[in-house]
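Presented below is the structure to which this report refers.
2 protein chains.
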Amino acid sequence: MPKKVTSFDVAQLAGVSQPTVSRALRNVPGISPETRERVMRAARELAYIPSEAGRTLSMRTTRRIAVVTEELTNPYYPELVEPLRRHLARHDFRTVVVTDNVEGPIGLEALADGSYDGVILTTTRRRSTLPRDLAERGIPHVLANRLLDRAESDSCGFDNQGGATAIGDLLVELGHERVGAVQGPAATSTGQERADGLDRALRRHGVHPWHELTRRVDFTHDAGRAAALDLLSRPDRPTAIVCGNDVVAFGVLSAARELGLTVPADLTVIGFDDIPMAAWPLIGLTTVHCDLDLLARMAVDLLLRHDRSPDERPAEHRVPTRLVLRSTHGPP
Amino acid sequence: MPKKVTSFDVAQLAGVSQPTVSRALRNVPGISPETRERVMRAARELAYIPSEAGRTLSMRTTRRIAVVTEELTNPYYPELVEPLRRHLARHDFRTVVVTDNVEGPIGLEALADGSYDGVILTTTRRRSTLPRDLAERGIPHVLANRLLDRAESDSCGFDNQGGATAIGDLLVELGHERVGAVQGPAATSTGQERADGLDRALRRHGVHPWHELTRRVDFTHDAGRAAALDLLSRPDRPTAIVCGNDVVAFGVLSAARELGLTVPADLTVIGFDDIPMAAWPLIGLTTVHCDLDLLARMAVDLLLRHDRSPDERPAEHRVPTRLVLRSTHGPP
DNA sequence: CGGTACTTTGCATACGTATACTTGTCCAAG
DNA sequence: CTTGGACAAGTATACGTATGCAAAGTACCG
Numbered sequence: 000m001p002k003k004v005t006s007f008d009v010a011q012l013a014g015v016s017q018p019t020v021s022r023a024l025r026n027v028p029g030i031s032p033e034t035r036e037r038v039m040r041a042a043r044e045l046a047y048i049p050s051e052a053g054r055t056l057s058m059r060t061t062r063r064i065a066v067v068t069e070e071l072t073n074p075y076y077p078e079l080v081e082p083l084r085r086h087l088a089r090h091d092f093r094t095v096v097v098t099d100n101v102e103g104p105i106g107l108e109a110l111a112d113g114s115y116d117g118v119i120l121t122t123t124r125r126r127s128t129l130p131r132d133l134a135e136r137g138i139p140h141v142l143a144n145r146l147l148d149r150a151e152s153d154s155c156g157f158d159n160q161g162g163a164t165a166i167g168d169l170l171v172e173l174g175h176e177r178v179g180a181v182q183g184p185a186a187t188s189t190g191q192e193r194a195d196g197l198d199r200a201l202r203r204h205g206v207h208p209w210h211e212l213t214r215r216v217d218f219t220h221d222a223g224r225a226a227a228l229d230l231l232s233r234p235d236r237p238t239a240i241v242c243g244n245d246v247v248a249f250g251v252l253s254a255a256r257e258l259g260l261t262v263p264a265d266l267t268v269i270g271f272d273d274i275p276m277a278a279w280p281l282i283g284l285t286t287v288h289c290d291l292d293l294l295a296r297m298a299v300d301l302l303l304r305h306d307r308s309p310d311e312r313p314a315e316h317r318v319p320t321r322l323v324l325r326s327t328h329g330p331p
Numbered sequence: 000m001p002k003k004v005t006s007f008d009v010a011q012l013a014g015v016s017q018p019t020v021s022r023a024l025r026n027v028p029g030i031s032p033e034t035r036e037r038v039m040r041a042a043r044e045l046a047y048i049p050s051e052a053g054r055t056l057s058m059r060t061t062r063r064i065a066v067v068t069e070e071l072t073n074p075y076y077p078e079l080v081e082p083l084r085r086h087l088a089r090h091d092f093r094t095v096v097v098t099d100n101v102e103g104p105i106g107l108e109a110l111a112d113g114s115y116d117g118v119i120l121t122t123t124r125r126r127s128t129l130p131r132d133l134a135e136r137g138i139p140h141v142l143a144n145r146l147l148d149r150a151e152s153d154s155c156g157f158d159n160q161g162g163a164t165a166i167g168d169l170l171v172e173l174g175h176e177r178v179g180a181v182q183g184p185a186a187t188s189t190g191q192e193r194a195d196g197l198d199r200a201l202r203r204h205g206v207h208p209w210h211e212l213t214r215r216v217d218f219t220h221d222a223g224r225a226a227a228l229d230l231l232s233r234p235d236r237p238t239a240i241v242c243g244n245d246v247v248a249f250g251v252l253s254a255a256r257e258l259g260l261t262v263p264a265d266l267t268v269i270g271f272d273d274i275p276m277a278a279w280p281l282i283g284l285t286t287v288h289c290d291l292d293l294l295a296r297m298a299v300d301l302l303l304r305h306d307r308s309p310d311e312r313p314a315e316h317r318v319p320t321r322l323v324l325r326s327t328h329g330p331p
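Listed below in structure tokens is the structure:
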């Protein structure tokens, strides 16, 4: 195995000192064009690639940002990670996806060992202490998608309340009265806000929410399917099911298919997020659109802004949502 | 902002030297229990977290493995990345997903800057020189899923030939004669092998493959949909469409839905891979099962094995596949 | 021609951890 | 009482890059 080429090797070949190599290759001013050219030729000849670890140690910066998500096999997260990656790349940051909640919650050590210049949290639970821990260590971070009960860190999320209201209005307008729901975990802000929002919206129209027809489950297809199989087997089965997000809605659609129910004739299903899969003609889910690209952009801007005064209150942005009508809704 | 705590700070508080801290915290033998205890208390008190960069530079190892994939919004890749991550974690390696082919192909620099102890390639094209470049630098690597034309590196993939044969047999048995196909790119081994395999299988049964009914597209939903809209609008439209993988098949199902065709009554659709989504009752795709967990395990074993003699020929493993019958196939 | 200012480069060192080597201590064997 | 060995901890240094500062060279001006 060929031993690693360092900036010293390049320096030797070019007949200069190591610091000159460092400066020449990074286009630092104060190097004569001829020297720079000579160094670059030597570097190319040796196929020199600067050591990331050396640079990191010296500069105390990695140009790497950690994005904390749950398992990527949940189709929601790639849709959020991808725009984050793109926007971070635009600022010359590399993205590292760190998986949370798979063998226990992510620890502070994994995020605070100097591997990352900042952290974007997308799976934080309402009372998590992780943001505070990061703040105490002076590690830049931002919450995207999910928010904390007490605004302790910069954060951005969607107008879940507004989206849920739009869903409630739609269902009432269609004439639904037995409205079921498969909502997300109460420990997450998204789960909580969407559930509360729907409740309030229905009540405002004089429709009494049926709490026996509400389930709280994880944001996965299988959990949505199981809950729906349960709800749809009841004698007083709902004529519509509102879901915590699209992935859960896919599970509900799976359950309906299994039970031989036709959507939307026998059952209305509403999602939340409008991930690309929801728009596949094969699925055509009626849902609430959330602009993930805009959220990602906001999160990155919040993370990287440098004009933050020390005693400023944490920012909390809300991205508006809008109902998207496709083919899984109809009258009861 | 609190300045960073180093092993020197811990040493000072514990009244020992820095190397003693290093040894004590890693349970290296040759440290008295009392000293170790004292060091650990000091470390906890200061909330010390060792610097990744320092360790990396000193040990010349990162315990990080790069997994090169295409965009994660393509549902196939998370399904491959997740088992890889799990198996690597079992060996105390962290996984970093590096995205290829998004703003141009991934460069060697990003993989060979010392950030990773090894590389797992999942998107390599048949004539890519990346594996050779990695080999020249002595960077351990392995190909998973896709293979090279000339076996230059350890690699593992699925028995695409066998899977395609099973599909051909099934279609002939059902009585299909106008068999269309939406296959993957010819530049990829998976695309090529699956297409060739189907051709051979049909020919063996005396069914002449209709090359006008074959399209080569990228492995995405939208590409599959577009190709199928084209094929299904022809007067001699196929009675079955074989797809390069499941994601493409989803696109074909979308197209069928748009055109008002009923599956499987009007059209048979066959996928390849059997990712979990294919098994959702909502979709119920007939496809070829590929054991991604087994492939991942193989890839990790090949990558990490240390008993490799220098002049050994590259290993090339094939994981068997099997047809899974669900609800998108039927007689013409 | 002397001095000043500027440009270009080298020297020394910092970053944080790990490890080979050395020193010191204590105990047991001779 | 000496010596050899085992153990514990300290000393010195390496890993690869970046940067403050000094030094050398050059150009320019009076």
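In order, the protein sequences belong to chains A and B. Here the first sequence is numbered in numbering that gives the first Met the number 0, starting from 0 and rising by one per residue. Here the second sequence is numbered in numbering that gives the first Met the number 0, starting from 0 and rising by one per residue. From the three backbone atoms N, C-alpha and C, an ideal C-beta is built for every residue, glycine too.
Residue i: contacting residues in chain A (beta-carbon distance under 7 Å)
i, result
"Ala-111/B", "Ile-48"
"Ala-52/B", "Ala-52, Thr-55, Leu-56, Gly-113"
"Val-95/B", "Val-95"
"Thr-98/B", "Arg-84"
"Pro-184/B", "Correct list: empty, because the minimum Cβ distance to chain A is about 21 Å."
Outcome for residue i when other beta-carbon atoms lying within 10 angstroms are tallied against a minimum of 16
i, result
"Met-58/A", "exposed"
"Asn-73/A", "buried"
"Leu-339/A", "With chain A represented from 0 up to 331, any question about residue 339/A goes unanswered, as that position is not in the structure."
"Asn-26/A", "exposed"
"Gly-106/A", "exposed"
"Thr-68/A", "buried"
"Ser-31/B", "exposed"
"Ala-239/B", "buried"
"Ser-154/B", "buried"
"Ala-222/A", "buried"
"Glu-211/B", "exposed"
"Ser-308/B", "exposed"
"His-305/B", "exposed"
Residue i in three-state terms, based on DSSP
i, result
"Ser-16/B", "coil"
"His-86/B", "helix"
"Glu-70/B", "coil"
"Phe-271/B", "coil"
"Glu-315/B", "strand"
"Ala-165/A", "helix"
"Arg-63/B", "strand"
"Ser-154/A", "strand"
"Thr-53/B", "Checking the displayed sequence, the identity of residue 53/B turns out to be Gly instead of Thr. If DSSP states are grouped into helix, strand and coil, Gly-53/B belongs with the helices."
"Arg-124/A", "coil"
"Leu-322/A", "strand"
"Arg-93/A", "strand"
"Val-287/B", "strand"
"Val-181/A", "strand"
"Ala-143/B", "strand"
"Thr-34/A", "helix"
"Val-171/A", "helix"
"Val-9/A", "helix"
"Met-299/B", "According to the sequence displayed, residue 299/B carries Val and not Met. It is helical."
"Val-118/B", "strand"
Cross-chain neighbours of residue i in chain B, by beta carbon under 8 Å
i, result
"Val-80/A", "Leu-71"
Neighbour list for residue i in chain A, Cβ cutoff strictly below 8 Å
i, result
"Phe-249/B", "Trp-279, Leu-281"
"Glu-108/B", "Ile-48"
Neighbouring residues, chain B, relative to residue i (Cβ below 7 Å)
i, result
"Pro-74/A", "Pro-74"
Amino acids of chain B, ordered along the chain, whose beta-carbon sits closer than 9 Å to that of residue i
i, result
"Pro-208/A", "Going along chain B, no residue has its Cβ under 9 Å from Pro-208/A, so there is no contact; the nearest lies around 26 Å."
Chain-ordered neighbours of residue i on chain A, where CB pairs are closer than 9 Å
i, result
"Pro-77/B", "Glu-70, Leu-71, Thr-72, Asn-73, Pro-74, Tyr-76, Pro-77"
Quick one: which residues of the segment 252-267 of chain B get their C-beta closer than 9 Å to a C-beta of chain A? List them in chain order. Here the close residues are Leu-252, Ser-253, Ala-254, Ala-255, Arg-256, Glu-257.
Taking the runs of the beta strand (DSSP E) that are 3 residues or longer, which of them lie wholly in the segment 187-261 of chain B? Restricting attention to beta strand (DSSP E) runs no shorter than 3 residues, the segment 187-261 of chain B encloses them at 213-215, 239-242, ordered along the chain.
Between the segment 213-236 of chain A and chain B, which residues of the former have a C-beta closer than 8 Å to a C-beta of the latter? Residues His-220, Arg-224.
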